[in-house]
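In terms of the UniProt record's numbering, the sequence shown opens at residue 1 and continues consecutively. Backbone N, C-alpha and C define an ideal beta-carbon position, used for all residues, glycine too. Given the structure is predicted, the values throughout are model-derived calculations rather than measurements.
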Amino acid sequence: MKKHYLYLDDAEWRRLVFYLNEFRNKLIAQGRYTNCVDELLVKTVSAKTVKIR
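The structure is reproduced here in structure tokens:
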């Protein structure tokens, strides 16, 4: 499996978490499964931070 890396600044990271959570809430309201979004949220929140020059 090929890995992909995404480099975000603080504002972009916060927006990503916010919109993933909004998408998760919409899925819950529709009665659909949220497993994939949950996994992505956990990976996003627990990702290491890297300083880039």
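Proximity below 8 Å, CB of residue i to CB of residue j
| i | j | result |
| --- | --- | --- |
| Ala40 | Leu27 | The sequence given here places Leu at residue 40; Ala does not occur at that position. No, the Cβ-Cβ distance between Leu40 and Leu27 is not below 8 Å. |
| Val37 | Phe23 | yes |
| Ile52 | Tyr5 | no |
| Arg49 | Leu16 | According to the sequence displayed, residue 49 carries Thr and not Arg. No. Outside cutoff. |
- Can you check the stretch 10-48 for any alpha helix (DSSP H) of at least 4 residues that lies completely inside it and give the ranges in chain order? 10-29 and 35-45
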